[in-house]
Each structure stands twice: as structure tokens, then as C-alpha cells.
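J.:
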Amino acid sequence: MLQRNIILAGLLCLATTLFAQKTDDKKWDVNNPPGTYKEVEINTSEGTWMNLDVSPDGKEIVFDMLGDIFTIPLAGGEAKILHSGLAWEAQPRYSPDGKKLSFTSDAGGGDNIWIMNRDGSDAKQITKETFRLLNNAVWSPDGDYLIARKHFTSSRSAGAGEIWMYHKTGGEGFQLTKRRNDHRSRLIRNTQRRGSSCLACQPK
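Under our numbering, the sequence shown has 1548 at position 73, and the numbering climbs by one with no breaks.
1) Express the C-alpha separation of residue 1604 and residue 1590 in angstroms, rounding to a whole number.
2) Would you check if the stretch 1544 to 1558 and the stretch 1568 to 1575 touch, i.e. whether three or more CB-CB distances between them fall below 8 Å?
3) Less than 8 Å between the C-beta atoms of residue 1643 and residue 1609, yes or no?
4) Measure the CB-CB distance between residue 1474 and residue 1582 and report whether it falls below 8 Å.
5) Runs of 3 residues minimum, wholly inside the stretch 1584 to 1643: which ones carry the beta strand (DSSP E) assignment?
6) Exposed or buried, residue 1515, counting other C-beta atoms within 10 Å across all chains shown (16 or more means buried)?
7) Would you list the one or two residues that DSSP bridges to residue 1579?
8) CB residue 1561 to CB residue 1544, shorter than 8 Å?
9) Can you round the beta-carbon distance between residue 1639 and residue 1648 to whole angstroms, since I take them to be within the 8 Å contact cut?
10) Could you check the C-alpha separation between residue 1529 and residue 1547 for me, to the nearest Å?
11) Under the DSSP definition of a beta bridge, which residues are partnered with residue 1529?
12) Return yes when the Cβ of residue 1612 is within less than 8 Å of the Cβ of residue 1652, no when it is not.
13) Indicate the three-state DSSP secondary structure (helix, strand or coil) for residue 1552 in the structure shown.
14) Let me know if residue 1577 comes out buried or exposed under the rule of 16 or more other beta-carbons within 10 Å of its beta-carbon.
15) Using a Cβ-Cβ cut-off of 7 Å (strictly less than) and excluding sequence neighbours within five positions of residue 1593, which residues of its own chain qualify?
16) Give the range of the beta strand (DSSP E) segment to which residue 1514 is assigned.
17) Nearest by alpha-carbon distance to residue 1534: which of 1569, 1511, 1526, 1563 is it?
18) Please report the distance separating the alpha-carbon of residue 1524 from that of residue 1501.
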């Protein structure tokens, strides 16, 4: 009886392991979720909590709405969709030379910083965070780096944050500020003016 129980327990463990391996092999794809969904067309002329930026040449505005990115002529006119899909994409910003756009996207499974050409083509993921969320990226004046906030969630809903700098080609990044703990961060804000960047931090 004991031998039979041991054999059954072993088979159960093996089945559990095989099931776990089979489940793990199927990676979640934000743009191709399991099951079915229905597309619904809506028309709107206004939005809230939108992010926008003006192109360096002063010709157009890029903005996000409901997880998609659009452009519109600065003089007014019809908005054109630049990047869309099931992934949530927001916070677009022009590079200093106006040739690239950075944006936040969860297409890779978590909020990371991406870049694409000004026309919306050739989108590439720059950061590779799987747990800490990244957003609010700004460009360095030379256009070679992106500076973004990395969030550290905790029992406090807002959590804490750190400022990290990444090369536009990717990589592990370089830490610029360090959070005091998981509940408070030293960062007050980060802003960018044309030709300069500013980080404002609390004193230690």
C-alpha cells in the first residue's frame, strides 16, 4: 500500500511538472490575447489625461488617446493615427532632431520605453523591465539618451520612484537618483525645456 501511494505521488508530481512546463511555454502576448474580442468604433472630439508634444519644427502635435498615438497639424485639421493596437501606448515625445518619437508601451508585457520613427514605423523596445514599470521618458539634448522614471510599488498606492537613463539603442541603463525607501522617492519632478533638461530632487 505504501509503495502504491509513493508511485501515485510520483506520477502526480510528474504530471504537475509537465503541466507547469506546458503552461510556461505559452508566453502572454498583449497584442494576441487568448479568446475572442470585439472591436467597437467610437467617435470623439475630446479626451482627458492626454499627453502631447510639439515637433521641433513646429509643424505638428503628437498626442495619445485611449492607448493609441496620433498626430495633428499645429495649425489644426484632421488627426492621423500613428501607432495603434491592443497594447496601451502613451506619453509620446519627439527627439530633439524631430526624427524619432519615444513612448511608453506595454506591448512587451509591462510598461517600458519604446522608440519609433516619426512616421510611426520601426517601433523598437528600449527598456526590458518585467516588474518595475517605466514611464514619462524625456530625451537628452543630444538625442542619444532617454531619461525615465522607474516605479517601485508597495503598500502605498503611489509607491516610490527612481530616475534612470538609457541609451537609445537599449541596455541596462544608468541610475541617476535613488529612492529613500519603497514608500518615498527623492524625485519631485523632471522637466525638459528646449535644449536643456532639469531634474529636481529633495535633499537627503
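For glycine and all other residues, C-beta sits at the position ideal for the given N, C-alpha and C.
T.: According to the structure shown:
1) Take the alpha-carbon of residue 1590 and the one of residue 1604: they are about 15 Å apart.
2) These segments do not touch.
3) In this structure, residue 1609 does not lie closer than 8 Å to residue 1643 by Cβ.
4) With the chain covering only 1476 through 1679, there is no way to say anything about residue 1474.
5) Listed in chain order, the complete beta strand (DSSP E) runs (minimum 3 residues) inside the stretch 1584 to 1643 are 1587 to 1592, 1609 to 1614, 1620 to 1627, 1635 to 1642.
6) By the C-beta density criterion, residue 1515 is exposed, having fewer than 16 other C-beta atoms within 10 angstroms.
7) Its beta-bridge partners are 1565, 1588.
8) With a cutoff of 8 Å on beta-carbon distance, residue 1561 and residue 1544 are scored as not near each other.
9) About 5 Å separates the beta carbon of residue 1639 from that of residue 1648, a gap short enough to meet the 8 Å contact definition.
10) Here the C-alpha atom of residue 1529 lies approximately 10 Å from the C-alpha atom of residue 1547.
11) Looking at the DSSP output, residue 1529 shares a beta bridge with 1536.
12) No, they are not a contact pair.
13) Judged by DSSP in its simplified three-state form, residue 1552 adopts coil rather than helix or strand.
14) Within a 10 Å sphere around the beta-carbon of residue 1577 sit 16 or more other beta-carbons, which makes this residue buried.
15) When the five nearest sequence neighbours on each side are left out, the beta carbons in the same chain lying within less than 7 Å of the beta carbon of residue 1593 are those of 1573, 1574, 1575, 1576, in order along the chain.
16) That residue, residue 1514, is in no beta strand (DSSP E); it is neither H nor E in DSSP.
17) The residue with the shortest Cα to Cα distance from residue 1534 is 1569.
18) Approximately 34 Å between the Cα atoms of the pair.
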